[in-house]
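What follows is one structure encoded as structure tokens, with my remarks underneath.
There are 2 protein chains.
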Amino acid sequence: MISPITLDALKVLDAIERKKSFAAAAEELFRVPSAISYTINKLEEDLAIQLFDRSKRKAELTPVGKMIVEQGRLILNATDELTHMAKQSASGWELELRICIDSILKFKPLYSLIALFHEEYPWIDIRLTEEVFGGTWDALNSGRCDLMIGADGDISGSKFTAKIIGTIDFIFAVKENHPLCLEQKPLTDAMIKKYPSIVVADSSRDLPTRSAGLLDGQARITVPSIDKKIEAHCQGIGVGYLPIHRITKELNSKELIALPLRDHENRQHDLYIAWGKNNKGKALAWFVNKLQQMEMRELLDY
Amino acid sequence: MISPITLDALKVLDAIERKKSFAAAAEELFRVPSAISYTINKLEEDLAIQLFDRSKRKAELTPVGKMIVEQGRLILNATDELTHMAKQSASGWELELRICIDSILKFKPLYSLIALFHEEYPWIDIRLTEEVFGGTWDALNSGRCDLMIGADGDISGSKFTAKIIGTIDFIFAVKENHPLCLEQKPLTDAMIKKYPSIVVADSSRDLPTRSAGLLDGQARITVPSIDKKIEAHCQGIGVGYLPIHRITKELNSKELIALPLRDHENRQHDLYIAWGKNNKGKALAWFVNKLQQMEMRELLDY
DNA sequence: CTATTAGTTCAATATATTTGAAGTAATGAT
DNA sequence: ATCATTACTTCAAATATATTGAACTAATAG
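Residue numbers (our numbering), protein chains in the order written: chain A, 1 to 302; chain B, 303 to 604.
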């Protein structure tokens, strides 16, 4: 026997310390005093350590005894928590929920949602990953996440449930003082094609790469994230569509200029959330519910 | 029953997971397979949670089961550690050691000693307090500390063991450009008495205040710590003796000037460590041993 | 100097665990 | 496909462990 300590003994020890008496502890635990005495004696014997000073009428904890009570309480709490966790997760709560978010969306509003969730269910792990364009669908499809929040482009098949929770406006934006600013508005295709377009790399691995509806015959510069794309626009390296909510700062400071196009409306993309149809997880349901209640404005962090 | 989990069940669960088999776990725990089966069945029943998937020949942990194994190991470790701690402290190791150090000494070298100690005995708490002059003796005398490291002035009686572990040199030092610098050397009492002396408050509460051997008939400015005294000297507010090792920086930068005195040698104070004679604590012994081995230079942090 | 309180001891009893033999069902080998 | 083997389960009996209540001891409060 490596450790002679038992949780029952720790419970008894705890009760004695709180009630300051063997008899009172016995009552609390629905046992007779002699049973308490037996448990403590056994623990002392097994440990070969005196836990109580019995020279007085009332038994008093020795310093070591006090320490065991204190540390023991931590252990008892841990087991109670473990029991609780186990019951929760056995009753339909996931042990972890993996959320994949399109990098077109801002993380911040999701953070506060996660914080809220974590307050209620601190034992459930939330794993957040980021993908660009089709990457979120791909992550869901290949089982790398349980819930995707992302740009549109629906997936075929009946494995997933998808809900549109809003739309994102895209506008054609270029750097201030960009040559295109001097051209006659609205801009034509020919004008635009003279400048490279900035494309965010599709992080899809399994799915066919999505064209993202870009103009043809134009030089392309591929960047790994939406942030880098915005940066590239600001540097004047290229031109293209950007989601309004991510560039409000740059538009306000006139770092980026929105330009009207002859052949394209300012485009709208649907914002989806999607998850496995037969995923009955309650944490998933919690997030789906909250996300649907959320105002688009909150999610985009205008 | 609040938590049906028992440490024994967690041990069994751990063994099964490691050995990947009920039978192997049984062997490891010197029980028959049916006993293992019984323990697991009981735990599953009490928790009302399926811990193993028995559809295959080899029982496999369910996700919840895996979690319980993982968390359970933490709990098992904690109990093992608790047992260890208890045995250690019952075998003569203190649960905490209170060290009181004279503020004349630097804390830093003691910190590394404490760090070293903490590496070997992480469960023993070290409480470090600081006192000025007689304060360390007083702290020891009144039971506020177990070990004092400090300036001299031996205590009468046989309650304590004291060891001299070195000496500290004190010199008479004043601010650069202080009027005393211009006087003829060596300085006489009369010259010094014109300027206030800086006295560190004796934090003693129970013991008669110690005169600290200062010149009489001189204005006194009382400061609460050695640092404030050095500061006061640097500001030219007063004059007096300072421990060399605490003012090497100021002496090198000529912020403070050491001056020779006619009537006093540069004084030496013995550096003591002392502790209760019948304190048989092993942590105390460890520190006493290490402190005696330490070079004065290390302790003063020259 | 009792009377009372607090905890202990002990034999009897109740409960829980372990055992070994027999059983079931899945896997692997032929 | 069949059969032996593996891996675990079930069950009754045996054993170990915990609980009880009655009798006991020792400290302290009145």
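Here a beta-carbon is modelled for each residue, glycine too, at the ideal position from N, C-alpha and C.
Quick caveat: nothing in here was measured; it's all calculated off a predicted structure.
Notebook entry, point to check: Which residue's Cα is closest to the Cα of LYS249 (chain A): A:MET85, A:GLU70, A:ALA173?
Noted result: The shortest Cα separation from LYS249 (chain A) among A:MET85, A:GLU70, A:ALA173 belongs to A:ALA173.
Next item on the list: For SER142 (chain A), decide whether its Cβ has a neighbour in chain B, counting only Cβ atoms nearer than 7 Å.
Entry: For SER142 (chain A), the answer is no, since every Cβ of chain B falls outside 7 Å of its Cβ.
Next item on the list: Out of B:ASP572, B:GLU533, B:ARG564, state which residue places its alpha-carbon closest to the alpha-carbon of LEU553 (chain B).
Entry: Taking only the C-alpha atoms, the option nearest LEU553 (chain B) is B:GLU533.
Next item on the list: Establish whether the CB of VAL12 (chain A) and some CB of chain B are separated by less than 7 Å.
Entry: For VAL12 (chain A), the answer is no, since every Cβ of chain B falls outside 7 Å of its Cβ.
Check: Considering only C-alpha positions, which residue in the set A:GLN268, A:LYS290, A:THR39 is nearest to LYS11 (chain A)?
Finding: If you compare the alpha carbons of A:GLN268, A:LYS290, A:THR39 with that of LYS11 (chain A), the shortest gap goes to A:THR39.
Notebook entry, point to check: Going by other Cβ atoms of all chains shown within 10 Å of its Cβ, with 16 needed for buried, is ASP263 (chain A) buried or exposed?
Noted result: When all chains shown are included, ASP263 (chain A) counts as exposed.
Margin query: Is the beta carbon of HIS178 (chain A) closer than 7 Å to that of GLY240 (chain A)?
Written below: Result no, Cβ atoms of GLY240 (chain A) and HIS178 (chain A) do not sit closer than 7 Å.
Check: Which residues in the same chain as VAL200 (chain A) place their Cβ atom closer than 7 Å to its Cβ, once the five residues preceding and following it in sequence are excluded?
Finding: Excluding residues within five positions, the ones whose Cβ falls inside 7 Å are VAL132, PHE133, VAL223, SER225, ILE226, LYS229.
Item checked: Neighbour-count burial assignment, ALA392 (chain B), 16 or more Cβ in a 10 Å radius -> Buried, because 16 or more other Cβ atoms sit within 10 Å of the Cβ of ALA392 (chain B).
Next item on the list: Take THR161 (chain A) as the anchor and find which of A:TRP123, A:ASN41, A:LEU43, A:ILE273 has the nearest alpha-carbon.
Entry: Closest option to THR161 (chain A), judged by alpha-carbon separation, among A:TRP123, A:ASN41, A:LEU43, A:ILE273: A:ILE273.
Check: Got a sec: which bits of the region 33-67 of chain A sit with their beta carbon under 7 Å from any beta carbon on chain B, in order along the chain?
Finding: Answer in chain order: LEU47, ILE49, PRO63, VAL64, MET67.
Item checked: ARG446 (chain B) versus GLY452 (chain B): straight-line alpha-carbon distance, rounded -> Approximately 15 Å between the Cα atoms of the pair.
Check: chain A beta carbons: is any one of them nearer than 7 Å to that of THR308 (chain B)?
Finding: Look at THR308 (chain B): its C-beta is under 7 Å from a C-beta on chain A.
Notebook entry, point to check: For the candidate residues B:LEU309, B:GLY394, B:ASP491, whose alpha-carbon lies nearest to that of ALA587 (chain B)?
Noted result: Nearest Cα to ALA587 (chain B) within the set B:LEU309, B:GLY394, B:ASP491: B:GLY394.
Next item on the list: Have a look at ARG359 (chain B) and LYS344 (chain B) and give me their C-alpha separation to the nearest angstrom.
Entry: The alpha-carbon separation between ARG359 (chain B) and LYS344 (chain B) amounts to approximately 20 Å.
Item checked: Interface residues of chain B facing GLY72 (chain A) [CB-CB closer than 9 Å] -> Chain B residues near GLY72 (chain A): THR381, LEU384.
Check: Listing by chain order, which chain A residues have their CB less than 7 Å from the CB of MET392 (chain B)?
Finding: Here the sequence assigns Ala to residue 392 (chain B), which means Met is not the residue at that position. For ALA392 (chain B), the chain A residues whose Cβ falls inside 7 Å of its Cβ are ILE49, VAL64, in order along the chain.
Checklist line | Residue range of the beta strand (DSSP E) that includes HIS571 (chain B) | finding: Counted as a single uninterrupted DSSP element, the beta strand (DSSP E) harbouring HIS571 (chain B) occupies residues 570-578.
Checklist line | Straight-line gap, GLN71 (chain A) to GLU60 (chain A) (C-alpha atoms, nearest Å) | finding: Distance between the alpha carbons of GLN71 (chain A) and GLU60 (chain A): 17 Å.
Check: Which residue's Cα is closest to the Cα of PRO545 (chain B): B:GLY367, B:ALA311, B:ASP471?
Finding: That would be B:ASP471, whose Cα lies nearest to the Cα of PRO545 (chain B).
Next item on the list: May I ask you to report which of helix, strand or coil DSSP gives SER3 (chain A)?
Entry: Coil.
Notebook entry, point to check: In the structure shown, what three-state DSSP assignment does TYR340 (chain B) receive?
Noted result: Three-state result, TYR340 (chain B): helix.
Notebook entry, point to check: In terms of residues, what are the limits of the beta strand (DSSP E) holding THR161 (chain A)?
Noted result: Looking at the DSSP string, the run of the beta strand (DSSP E) that includes THR161 (chain A) is 160-175.
Margin query: At the level of alpha carbons, what is the spacing between ILE75 (chain A) and LEU315 (chain B)?
Written below: Rounded to whole angstroms, ILE75 (chain A) to LEU315 (chain B) spans 18 Å at the Cα level.
Check: Under a three-way DSSP split, which group does GLY367 (chain B) fall into?
Finding: When DSSP states are grouped into helix, strand and coil, GLY367 (chain B) belongs to the helix group.
Item checked: Alpha carbon of PRO186 (chain A) to alpha carbon of GLN88 (chain A), nearest angstrom -> Going by the C-alpha atoms only, they are around 59 Å apart.
Item checked: Reference LEU407 (chain B), options B:GLY583, B:VAL590, B:GLY578, B:LEU573, closest by Cα -> Nearest to LEU407 (chain B) by alpha-carbon distance, out of B:GLY583, B:VAL590, B:GLY578, B:LEU573, is B:LEU573.
Note to self: For LYS592 (chain B), which residues in the same chain have their Cβ closer than 7 Å to its Cβ, ignoring the five residues on either side in sequence?
What the structure shows: Contacts found: LEU415.
Next item on the list: May I ask which residues mark the beginning and end of the beta strand (DSSP E) holding ASP146 (chain A)?
Entry: Unbroken run through ASP146 (chain A): none, as it is neither H nor E.
Next item on the list: To the nearest angstrom, report how far apart ARG512 (chain B) and GLU478 (chain B) are at their CA atoms.
Entry: Summary for ARG512 (chain B): the model assigns pLDDT 38, below 50, so the residue's position carries little reliability, and this model does not support an answer.
Check: Nearest to THR364 (chain B) by CA position, among B:LEU442, B:GLU319, B:LYS495, is which residue?
Finding: Of the candidates B:LEU442, B:GLU319, B:LYS495, the one whose C-alpha sits nearest the C-alpha of THR364 (chain B) is B:GLU319.
Next item on the list: Evaluate ILE304 (chain B) with the Cβ neighbour count: other Cβ atoms within 10 Å of its Cβ, from every protein chain shown; 16 or more gives buried, anything less gives exposed.
Entry: By the neighbour-count criterion, in which 16 or more other beta carbons inside 10 Å mark a residue as buried, ILE304 (chain B) falls on the exposed side.
Margin query: Determine, for ILE426 (chain B), whether the minimum Cβ-Cβ distance to residues of chain A falls below 7 Å.
Written below: Taking Cβ atoms only, chain A never reaches closer than 7 Å to ILE426 (chain B), which makes this a no.
Note to self: Less than 7 Å between CB atoms is the rule here; does ILE377 (chain B) satisfy it with respect to chain A?
What the structure shows: Interface residue (Cβ-Cβ distance to chain A less than 7 Å): ILE377 (chain B) is classified as such.
Checklist line | DSSP three-state assignment for ILE401 (chain B), whether helix, strand or coil | finding: If DSSP states are grouped into helix, strand and coil, ILE401 (chain B) belongs with the strands.
Item checked: Straight-line gap, GLU346 (chain B) to LEU331 (chain B) (C-alpha atoms, nearest Å) -> Those two C-alpha atoms are separated by around 20 Å.
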